[in-house]
Amino acid sequence: MFSESSCFDLQQQIKVLLSAVNGLKEENETEKIKYFETKKNNEVKRLETFMRVSRSLEQSMASDFENFNWYLVTVSNSPAKVPRQSDEKEEEEEKKEEEEEEEEEEEEEEEEEEEEEEEEEEEEEKEERKTQETNEVAPKNVGKANIKEKRKDPLRHQFITVDDYEGEEGDLSFKRGEVITVIETREDGWWMAENDRGDTGLVPSTYLQLHNKHRDVQQDDEEEEGADSEQGDGDTVRRTKKLWSGIKKAITETTVSDVLHAMGAVPSGFRQSTLAKKHAEGVTYRTVSYLAIKLSPSNLIYKDLFFDPSSNRIRPRMVRIERIVTISACRQIPVPSAGIDVLDRTVRICLFDGNNILSNIHCVKVSSIDKSQNTWSFTTKVTDTMDLASHAEVFVRSNNTVDNIGILFELCITTFRASTKERTEMSCGWAHLPLLGENGTATQNKSFDLHVNGGTPYEKGVEVDPRISRRTTSNALMSLISGNRQPRLVVRLSIPKKEFKDQMDTLPEPLVGNTILLPFYSYYRQILADVLLRDRLDLDSTELIHNPLLSLFPTAAEQMDLMQLLRASWLEKQRSAHRVEKRDEEYMKDLFKQAVMDTVYPVLHIAALPSYQPGDYDNVQSRFEEVHRFRELRQTRQSTLAVLLSSDIIFQPFEMDEMIFSMLGPHCLQKSVPIPDD
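So in UniProt numbering, the last spot in the sequence shown is 678, and the numbers never skip.
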């Protein structure tokens, strides 16, 4: 038995142990609260930083568009100098700067007071929180972050120098990479600037590049992210890094055209080609999306394909606009400066209403240029060995009722910079030809001398080369001469002849293409009507159809090198046909099938053949070599089958998709149809 003293001692020891356990619990709870408080503060800082950068980015973009249009003007290489400002003007500017600095200091003090109030509020809420509660903190601080951003003054216009410059008297000398502030700008290209030391002087604008105001903020936040990543949640860190990578790419991305503008190598009205970018994004603006069969919105009948049993032919479809466009010449097109080689010149064409592209994008290659390289010439001469890509006669077909519908011409060049080995396709300007008159009727036969605008088709009032306008004087004769120096595009609009019209009436709308290819497009549509409407037993069936021609031709229809190979084979087969056979439509359609399967089908599946990219100089050359090698081998072996069995050319592995045609393909449906649940 225990004595009373021993029991008392045991009770005291138990109390000590319980108090120690309670103390450990309190310490654990305190550490847990500190951990969640630290994590919450890190998330709040990250969110505030993101809102600050995004708001600054919006402000800088708006400022660039509204206040920096003059920055896009590339100036002449030998401009006149600007006199210094008076001492009185400099004193006024210094006073303004001092007042702005005082206002900024007051605003910073207000921001610090707000941050202290926020910290006091957070200290009062020291309760245990789970990880999901951090998401609730974000909306509370968004408004405050926005308020802070609104109170900030706009950033001054700062530029970074791209090279060293030793100035003369009155100029401001600088080293490469130095950040200077522009005080005053002039059209002659010599701007008044100030460096960090307070020195002012004239600087050439061609040595300046817009300074990235967000780079320091990004670097600080990257370091902050790295320090917090050990404590933060894994998914949150990954999402944050992905978000920051997108923001950094949008801020720091510099295109080749930006570099050329900063160097003064191209006129200020040159831009990255808009239509080339749209064409390269996917198949949305390619011929395959417009030539392929379409279903009605109900997906129960065909939208643009009908058969006439009485004539045993496809039923013609009349449209509102059906014209032939002939490009004659481009005149007074500026040339890039020395060091920039022009590899290719093209004109991209599509239907456009001022805001939206309404058709596929067609490309016409320039046939020749003059000695000064300012005048582009085109050809419409038809021969057996002609280059289809250079044929400047284009058909346009549309039933659109938009009032401002017209033809958009974008003049493009493929440039090569030898020092950096960079290639890019740039727009030298654009012109828009309305297709409807004031009374809403389609424009008849007429020639047009169109003014070429600078910038992109979405920019208004931009000149290709502002230096031409600055040379205009009050003298009427000199003004007339200067007007003739403006870039011009000469085109002719005409009504199609009966042969062209009969072929165009078998095509869908909208569609823009080469008139030489009209017979091929028409034969394809007639065969499509025969297979789907005339020879089909069950018109409601959607089963796959064995027909490689219908499957591959829409894809190859805009590839001019394949169409040129097809045309050579087609002309050869036409010469061997008798006059009676040429009057037989069924025989001519079979002849067209044979020509396609002998040329387009095997070449389209050559393993080394790159995908088609019109205007891409390297792509065109690589494809030309492969097509030329196939043509020579076919002439040597006297048979396409012998070429397919030859080991000299490697073909892609055979797939069943090459042989089948689906009326429910990616280009056929107008909208997706939900499948009902069982």
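Here a beta-carbon is modelled for each residue, glycine too, at the ideal position from N, C-alpha and C.
From the listed residues Asp384, Arg345, Ser398, Met386, the smallest Cα separation to Thr375 is found for Arg345.
For the pair Glu393 and Thr383, the Cα-to-Cα distance works out to about 14 Å. When DSSP states are grouped into helix, strand and coil, Phe378 belongs to the coil group.
With 16 or more other Cβ atoms inside 10 Å of its own Cβ, Val182 counts as buried.
Between Cys412 and Ser273, the C-beta spacing is below 8 Å. Val603: member of the alpha helix (DSSP H) spanning 585 to 604, first to last residue. In the DSSP assignment, Met192 falls outside any alpha helix (DSSP H) and lies within the beta strand (DSSP E) extending over 190 to 194. In the DSSP assignment, Ala280 falls within the unbroken alpha helix (DSSP H) covering 274 to 280. Ranked by Cα distance from Leu295, the first of Asp304, Ser289, Val288, Thr287 is Asp304.
Look at the beta carbons and you see the stretch 618 to 625 not touching the stretch 543 to 554: under three pairs across the two are nearer than 8 Å. Secondary structure at Leu517: helix, using DSSP grouped into helix, strand and coil. Going by C-alpha positions, Leu566 is about 9 Å away from Phe520. Judged by beta-carbon spacing, Gln373 lies beyond the 8 Å limit of Arg485, meaning their Cβ atoms are not closer than that value. Excluding five sequence positions before and after Lys371, none of the CB atoms of its chain fall closer than 6 Å to its own CB. Nearest to Pro508 by alpha-carbon distance, out of Ala595, Asn439, Ser359, is Ser359.
In this structure Arg579 is exposed. Its beta-carbon is surrounded by fewer than 16 other beta-carbon atoms within 10 angstroms. When rounded, the separation of the alpha-carbon atoms in Thr555 and Ser289 is 9 Å.
Exposure of Tyr458 is indicated by the presence of fewer than 16 other C-beta atoms within 10 angstroms of its C-beta.
The residue from Leu641, Leu552, Val491, Glu438 with its alpha-carbon nearest to that of Glu658 is Leu552. In this model, Thr640 and Leu518 are separated by some 25 Å (Cα to Cα). Within the stretch 414 to 448, the runs of beta strand (DSSP E) that reach at least 3 residues and sit entirely inside it are, in chain order, 422 to 434. Bridge pairing for Thr161: Leu208 [DSSP].
Ser576 counts as exposed, since fewer than 16 other beta carbons sit within 10 angstroms of its beta carbon.
Assignment of beta-bridge partners to Thr640 by DSSP yields no partner. In summary, Val600 is buried, with 16 or more beta-carbon neighbours lying within 10 Å of its beta-carbon over all protein chains present.
Classified as buried, Ile324 has 16 or more neighbouring CB atoms from the shown chains inside 10 Å of its CB. By the Cβ neighbour-count rule, Glu322 is buried, with 16 or more other Cβ atoms within 10 Å of its own. Cβ-Cβ distances below 8 Å link Asp199 to Leu172 in the same chain, with the five nearest sequence neighbours on each side left out; the list follows chain order. Among the bridge pairs identified by DSSP, Lys365 is matched with Thr346.
Under the three-state reduction of DSSP, Thr383 is assigned to coil, being neither helix nor strand. About 34 Å separates the beta carbons of Phe378 and Ala529, which is beyond the 8 Å limit, so they are not a contact pair. Under the 8 Å Cβ criterion, the stretch 414 to 429 does not count as touching the stretch 395 to 402, having fewer than three qualifying pairs. Per DSSP, reduced to three states, the secondary structure at Leu532 is helical.
Put simply, of Ser662, Val335, Glu558, Ser522 the residue whose alpha carbon is nearest the alpha carbon of Arg315 is Ser522.
Between the beta-carbon of Phe352 and that of Leu435 there is about 10 Å, and that puts the pair past the 8 Å contact cut. Of the candidates Ser419, Ser427, Thr506, Thr506 places its Cα closest to the Cα of Val319.
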